[in-house]
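*Asks:*
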Amino acid sequence: MKRQLNTVKHAIALSLGLFSFTAAASNHLTAEEVIGLQQVAQAQVSPSGDNVAFTRYVPREIYKEENGLHWAELHLVDDKGVERPYITGQVTISNIQWSVDGSLIYFLAKMGEDKHTALYQIPFNGGQAQKTLELKETDVANYALSSDGKQIALIAKPAKDKSVKELKKLGFMAEVYEENLTNKQLFVVDLAVSDKSLTPVAWNIEDYVSDVQWSANGEQLLVKTQPTALIDDKYMKSQWHLVDVANQKVTTSFITEGKLGDAELSHDGKYVAILGAEDKHDPAAGRLYLAETKTGKISEWLPNHLGHVSDFEWKNDKNELYFITNIDTDSVVGLIKPGKTDYKTVVKPGKFIASQLSLSDSDKTIALRANTAKHPNEVYMLRGSKHKATRLSNSNTWLDDKQFAKQESISFKAKDGVEIGGVLIYPLDYKEGQRYPLIMSVHGGPESHDKDGWLTNYSRPGQLGATQGYAVFYPNYRGSTGKGVDYSKLGQNDYAGKEFDDLVEFKDHLVDMGLVDTNKVGITGGSYGGYASAWAATKLTKHFAASVMFVGVTNQLSKFGTTDISNEMHLVHARSYPWDKWQWYLERSPIYWAGQSETPLLIMHGKDDPRVHPAQSMELYRYMKVQGKTVRLVYYPGEGHGNRKAAAQYDYHLRLMRWMDHYLKNDGKEMPANELAHKANLEAVKKED
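Numbering-wise (our numbering), the sequence shown opens with residue 66 and increments by one.
Structural data, given as structure tokens:
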């Protein structure tokens, strides 16, 4: 990270006034630092509980490294916080698991001359990584180790027919849309190091296999399937099954409805904990269910829970389940027993925002990922009868010296009596009585919610916006998760209705607090948040002085016909079809109101987005452009539903903040220039080298 910051010092100086922050203030967060943030991606505690293996995302160096996704390194940290790098540099490590005896760490990667993702292992006490096994002409997509360490269940697609590549070179590239899809299959093999590519026989499961786990006795597999490879089927038609290993037959299927998350068998095989939905209209898989393996009977474990469960892990020696639930803007770690509907609070709200539990063999040590308002995800450990929390990793030591603005959760009642709220970040140098420009950053989904933790990234200004003199607000408008199923359904069958009216009420509340200048309010968001930003720039134009829309919906009629989740849209959002009420869908589309827009709108979109087709952005751009409105459209080739590569993230962030600065701070009239100072920055980096 230090080398990246050094190489961009001259670039910042040459950026021709592009940045509005004070680069000289080293204790203030900068754009380059945000793009270069490293964070923990996965954490797995060792069987002994003394060490945690984890992967860390490392963004590519802007202006230096070839374009691509973040690297993912393998590290180890002990219970004292002493960290050791295991595999670092230009590598992508994923799916780490410990061997049964704790002597090895397994992982998936492409290394050396690999053409496909293979299973590797590296000794805990040091040494070189060694390829354990690979499949012939296909990637290992996922795997699970048996409890005795003798077998491994693999998930992979079948190898491609060699003629496909040859015919493609000859011009035969016709694509039959959503047909001829390739399912991922399940394989079970003995776990042994092999220097030959394996071609095992797939189990006779017709559907697409997406996940697998072993029972403790090794006699059963818990297998997740969906009818096809379509993302809509993954969202709405997934199912968990128990499969007998000896005869490869399904013994029990757990009948759930709607969205479906993870599942895990209890240590004695009596129960399965399942993360699912209340019904097919529930927007999120946030309900915790308990299923009996003998009968398949399933019941809600936390009925009427006013939160959303995100992860869980059974104890290894008794039927008790640790789980994480997100309640409003906080997260809680709880412990619950079968037959009970109340739980013990292990980690109280306000400590950190937790995810991804991992237990040692003795159940005395819990590892997890967690973030706070002052750092992104790191490795934490819980130990002792009081589950004392200790942070073990520090991926960005330079953050320790940064100044952070005040951040807090707020809530109030909307005009119709519904409790709404969100997370507010004050300007860094906030002075009571002074009014500031506001950037409202709207989450997507809408079946999501913002928590009072780390909220700063390339597309969400957060603490970086506060450093630059903005108040930044993250609204959990009605339809968000974190407050139970009923609240998450409040926006259904009411596209852009009261859910987006909440945004105006949020703005008015912040103005009434004396914090915000009512004439200097900008809005931004991606996906459904992009829809909100487009709606704010058109239908709600009187309330917003600037808008930046990212991968957003602009035409609800054409959106239905061009997305890969039309069934999900119908069941958990619209609750109707476009042909049922054409005019209503049209009037809930920003294009319908483009003619009245007075809000400068910057539109940005990944050119390969399968979720919200890039044409959605083109439609609103054209409707506004033809009518003489202030609008600009920026496409990102090679990016999908959100920018994943450092260069595109950096470019996006610069454009976002320049747009806000221009209209909220500088009272800009004409649009800012469409070029950024990338050429000057590149030359400065080359000179520095």
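Even glycine gets a Cβ: it sits at the ideal position worked out from N, Cα and C. Being a predicted model, the structure only gives us computed values, none of them experimental.
Exposed or buried, which one is Lys585 when buried takes at least 16 other CB atoms within 10 Å?
*Replies:* Position 520 of the sequence shown, counting from 1, holds the residue named residue 585. So Lys585 counts as buried.
*Asks:* What three-state label does DSSP hand Thr390 in the structure shown?
*Replies:* As a working mapping, residue 390 is identified with position 325 in the sequence shown. Reduced to three states, the DSSP call for Thr390 is strand.
*Asks:* Does DSSP put Gln250 in a helix, in a strand, or in coil?
*Replies:* Counting from one through the sequence shown, the residue named residue 250 turns up at place 185. Gln250 falls in the strand class under three-state DSSP.
*Asks:* If you reduce the DSSP assignment to three classes, tell me which class Pro414 lands in.
*Replies:* Start at 1 with the first residue of the sequence shown, and residue 414 comes out as number 349. Residue state, collapsed to three classes: coil.
*Asks:* From what residue to what residue does the alpha helix (DSSP H) around Leu568 run?
*Replies:* Your numbering for residue 568 matches position 503 in the sequence shown. First-last of the alpha helix (DSSP H) with Leu568: Lys563 to Asp577.
*Asks:* Return helix, strand or coil for Ile152, following the three-state DSSP convention.
*Replies:* Numbered from its first residue, the sequence shown carries residue 152 at position 87. In this structure, Ile152 counts as strand in the three-state DSSP scheme.
*Asks:* For a quick check, are the C-beta atoms of Gly172 and Asn116 less than 9 angstroms apart?
*Replies:* Along the sequence shown, read from residue 1 onward, the residue named residue 172 stands at position 107. Along the sequence shown, read from residue 1 onward, the residue named residue 116 stands at position 51. Sequence check: residue 172 is Phe here, not Gly. Cβ atoms of Phe172 and Asn116: not closer than 9 angstroms.
*Asks:* On the three-state DSSP scale, how would you describe Gln313?
*Replies:* In the sequence shown, the residue the question calls residue 313 occupies position 248. Of the three classes helix, strand and coil, the one that applies to Gln313 here is coil, per DSSP.
*Asks:* Under 8 angstroms: do the region 128-136 and the region 453-472 share three or more Cβ pairs, one atom per stretch?
*Replies:* no
*Asks:* What whole-angstrom Cβ distance do His508 and Gly590 have, given they're in contact under 8 angstroms?
*Replies:* Here residue 508 is taken as the residue at index 443 of the sequence shown, counted from 1. Here residue 590 is taken as the residue at index 525 of the sequence shown, counted from 1. Going by Cβ atoms, the distance from His508 to Gly590 rounds to 7 angstroms, so yes, they are a contact pair.
*Asks:* Using the Cβ count rule (16 or more neighbours within 10 Å means buried), how would you classify Glu704?
*Replies:* Numbered from its first residue, the sequence shown carries residue 704 at position 639. Label assigned to Glu704: buried.
*Asks:* Could you compute how far the alpha carbon of Ala342 sits from the alpha carbon of Glu244?
*Replies:* By 1-based counting over the sequence shown, the position of residue 342 is 277. By 1-based counting over the sequence shown, the position of residue 244 is 179. So the alpha carbons of these two residues sit roughly 28 angstroms apart.
*Asks:* Hey, Leu422 and Thr358: beta-carbon distance below 9 angstroms or not?
*Replies:* Here residue 422 is taken as the residue at index 357 of the sequence shown, counted from 1. Here residue 358 is taken as the residue at index 293 of the sequence shown, counted from 1. It is not a contact, given that the beta carbons lie outside the stated cut-off.
*Asks:* Enumerated in chain order, which unbroken segments of the alpha helix (DSSP H) with a length of 4 residues or greater are wholly contained in the region 187-224?
*Replies:* With a minimum length of 4 residues, there is no unbroken run of alpha helix (DSSP H) contained wholly in the region 187-224.
*Asks:* Quick one: grab the DSSP three-state call for Glu231.
*Replies:* Within the sequence shown, residue 231 is the residue found at index 166, counting from 1. Here Glu231 sits in helix by DSSP.
*Asks:* Using only the alpha-carbon positions, how far apart do Asn461 and Glu652 sit?
*Replies:* Your numbering for residue 461 matches position 396 in the sequence shown. Your numbering for residue 652 matches position 587 in the sequence shown. Using only the alpha carbons, I get a separation of about 47 angstroms.
*Asks:* DSSP three-state call for Gln499: helix, strand or coil?
*Replies:* Along the sequence shown, one-based indexing puts residue 499 at 434. The three-state secondary structure of Gln499, taken from DSSP, is coil.
*Asks:* Looking at Ser458: is its Cβ nearer than 9 angstroms to the Cβ of Glu202?
*Replies:* On the sequence shown, residue 458 is found 393 positions in, with the first residue counted as 1. On the sequence shown, residue 202 is found 137 positions in, with the first residue counted as 1. No; because the gap between Cβ atoms is not below 9 angstroms, this pair is not in contact.
*Asks:* Per DSSP, Arg653 forms a beta bridge with which residues?
*Replies:* Within the sequence shown, the letter at position 588 stands for residue 653. According to DSSP, Arg653 bridges with nothing at all.
*Asks:* Contact defined as beta carbons within less than 8 angstroms: I believe Thr182 pairs with Ala174. What is the distance between those atoms, to the nearest angstrom?
*Replies:* Taking the sequence shown and counting its residues from 1, one reaches residue 182 at position 117. Taking the sequence shown and counting its residues from 1, one reaches residue 174 at position 109. The pair is a contact, with the Cβ atoms about 7 angstroms apart (cut-off 8 angstroms).
*Asks:* Using three-state DSSP, classify Gly590 as helix, strand or coil.
*Replies:* In the sequence shown, counting from the first residue as 1, residue 590 sits at position 525. Here Gly590 sits in strand by DSSP.
*Asks:* When you compare the CB of Glu378 with every CB in chain B, is at least one pair closer than 9 angstroms?
*Replies:* Checking the listed chains, one finds no chain B in this structure; it contains a single protein chain.
*Asks:* Is there contact between the region 319-328 and the region 393-413, where contact requires at least three CB pairs shorter than 8 angstroms?
*Replies:* no
*Asks:* In terms of residues, what are the limits of the alpha helix (DSSP H) holding Tyr300?
*Replies:* For the purposes of this step, residue 300 is taken as the residue at position 235 of the sequence shown. Start and end: Ile296 to Met301.
*Asks:* Indicate whether Leu529 and Thr95 have their beta-carbon atoms separated by less than 9 angstroms.
*Replies:* For the purposes of this step, residue 529 is taken as residue 464 along the sequence shown, with counting starting at 1. For the purposes of this step, residue 95 is taken as residue 30 along the sequence shown, with counting starting at 1. Yes, Cβ-Cβ distance for Leu529 and Thr95 is below 9 angstroms.
*Asks:* So what's Lys409 in DSSP terms, helix, strand or just coil?
*Replies:* Taking the sequence shown and counting its residues from 1, the one referred to as residue 409 is at position 344. Strand.
*Asks:* Once you ignore the five residues that flank Val412 on each side, which residues in its own chain have a CB closer than 6 angstroms to its CB?
*Replies:* Sequence index remark: in the sequence shown, residue 412 carries index 347 (1-based). Answer for Val412: Val398, listed in chain order.
*Asks:* How far does the beta strand (DSSP E) with Met634 in it extend, from its first residue to its last?
*Replies:* As a position in the sequence shown, residue 634 is number 569, starting the count at 1. Unbroken run through Met634 is the alpha helix (DSSP H), Ser631 to Met634; no beta strand (DSSP E).
*Asks:* Per DSSP, which residues does Arg352 bridge with? Please list them.
*Replies:* Within the sequence shown, numbered from 1, the residue matching residue 352 stands at position 287. Gly341.
*Asks:* Relative to the C-alpha of Thr606, which residue among Arg640, Thr664 and Phe625 is closest?
*Replies:* Residue 606 sits at position 541 when you count from the first residue of the sequence shown. The shortest CA-to-CA distance from Thr606 to any of Arg640, Thr664 and Phe625 is the one to Thr664.
*Asks:* To the nearest angstrom, report how far apart Tyr408 and Lys402 are at their CA atoms.
*Replies:* Stepping through the sequence shown from its first residue, residue 408 is reached at position 343. Stepping through the sequence shown from its first residue, residue 402 is reached at position 337. Whole-angstrom Cα-Cα distance: 8 angstroms.
*Asks:* For Ala639, I'd like the list of residues in its chain whose CB is within less than 6 angstroms of its CB, leaving aside the five on either flank, ordered along the chain.
*Replies:* Position 574 of the sequence shown, counted from the start, is the residue given in the question as residue 639. Nothing meets the Cβ criterion.
*Asks:* In three-state DSSP terms, what is Ile320?
*Replies:* Along the sequence shown, read from residue 1 onward, the residue named residue 320 stands at position 255. Three-state result, Ile320: coil.
*Asks:* Among residues of its own chain, excluding the 5 on either side of Leu353, which ones have a beta-carbon nearer than 6 angstroms to its beta-carbon?
*Replies:* One-based indexing of the sequence shown puts residue 353 at position 288. Trp366, Leu367 and Val374, listed in sequence order.
*Asks:* For Ile504 and Tyr523, which I take to be in contact (beta-carbon distance under 8 angstroms), what is that distance rounded to the nearest angstrom?
*Replies:* For the purposes of this step, residue 504 is taken as residue 439 along the sequence shown, with counting starting at 1. For the purposes of this step, residue 523 is taken as residue 458 along the sequence shown, with counting starting at 1. Actually they do not touch by this definition, with Cβ atoms about 14 angstroms apart.
*Asks:* If we ignore side chains and look at the alpha-carbon of each, how far apart do Met301 and Tyr642 end up?
*Replies:* By 1-based counting over the sequence shown, the position of residue 301 is 236. By 1-based counting over the sequence shown, the position of residue 642 is 577. Cα-Cα distance, rounded: 17 angstroms.
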